[in-house]
Amino acid sequence: MLLLATYFITSADSGTLVLCTLDSVGSPEPPQPIRVIWGVVIGCIAGALLYAGGLETIQTASIIAGLPIAVFILIMSLGLYRTLRREPIAAAMLPPQARPDSTNLDHHSGKIDVMPPSTQPTVGTASSADA
Numbered sequence: 011m012l013l014l015a016t017y018f019i020t021s022a023d024s025g026t027l028v029l030c031t032l033d034s035v036g037s038p039e040p041p042q043p044i045r046v047i048w049g050v051v052i053g054c055i056a057g058a059l060l061y062a063g064g065l066e067t068i069q070t071a072s073i074i075a076g077l078p079i080a081v082f083i084l085i086m087s088l089g090l091y092r093t094l095r096r097e098p099i100a101a102a103m104l105p106p107q108a109r110p111d112s113t114n115l116d117h118h119s120g121k122i123d124v125m126p127p128s129t130q131p132t133v134g135t136a137s138s139a140d141a
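Take any residue in the sequence shown, note its place counting from 1, add 10, and you have its number in my numbering.
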């Protein structure tokens, strides 16, 4: 029973902190009276749901409240899937020297030059980008 009470109190405290932070426009330390008000409101709602229909009513309310979040997560998952499917296409559209596999040491016979010798600026000369 002690563990159940600890879990409920911790969850209720976290919930009231989130609601207070949103209510006080993102302040990291919301005022204490607002936290008390939100705690009482959450407790009254939970008590009313328990009184009205018991545990089954609370479970139904939780499912109904979580349904929009589940739809949102599903839409985000579809977007992630589409993005990951397009990734090889995006890599294929890059110029050959910028492709992810172009830095393979076997392909360059173990040597990678940052700039080819013909394009390296010499000391004391201004390039066209400096002008």
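Idealized CB from N, CA, C, for every residue including glycine. Keep in mind the model is a prediction, meaning the values are calculated, not measured.
*Mark Thr70 as exposed unless 16 or more other C-beta atoms lie within 10 angstroms of its C-beta, in which case mark it buried.*
Locating residue 70 in the sequence shown gives position 60, where the first residue counts as 1. Exposed: under 16 other Cβ atoms inside 10 Å.
*Three-pair Cβ contact test at 8 Å for the region 18 to 26 versus the region 45 to 61*: The region 18 to 26 vs the region 45 to 61: in contact.
*Mind checking which residues open and close the alpha helix (DSSP H) that includes Met103?*
Along the sequence shown, read from residue 1 onward, the residue named residue 103 stands at position 93. Leu65 to Met103 is the extent of the alpha helix (DSSP H) around Met103.
*Whole angstroms is fine: what's the gap from Ser37's alpha carbon to Thr31's?*
Here the question's residue 37 lines up with position 27 in the sequence shown. Here the question's residue 31 lines up with position 21 in the sequence shown. Taking the Cα positions, Ser37 is about 6 Å away from Thr31.
*What is the C-beta distance between Pro40 and Ser34, in whole angstroms, given that I count them as a contact (C-beta under 8 Å)?*
Locating residue 40 in the sequence shown gives position 30, where the first residue counts as 1. Locating residue 34 in the sequence shown gives position 24, where the first residue counts as 1. With 8 Å as the limit, Pro40 and Ser34 qualify as a contact, their Cβ atoms being about 4 Å apart.
_Limits of the unbroken alpha helix (DSSP H) element including Val28_ = What you label residue 28 is simply residue 18 of the sequence shown in a count that begins at 1. Taken as a continuous stretch (DSSP letters only), the alpha helix (DSSP H) holding Val28 covers Leu12 to Asp33.
*Are Ala56 and Ile68 closer than 9 Å when you measure CB to CB?*
Taking the sequence shown and counting its residues from 1, the one referred to as residue 56 is at position 46. Taking the sequence shown and counting its residues from 1, the one referred to as residue 68 is at position 58. In contact: Ala56 and Ile68 (Cβ atoms closer than 9 Å).
*Within 9 Å, strictly: CB atoms of Thr26 and Trp48*: Locating residue 26 in the sequence shown gives position 16, where the first residue counts as 1. Locating residue 48 in the sequence shown gives position 38, where the first residue counts as 1. Yes. Within cutoff.
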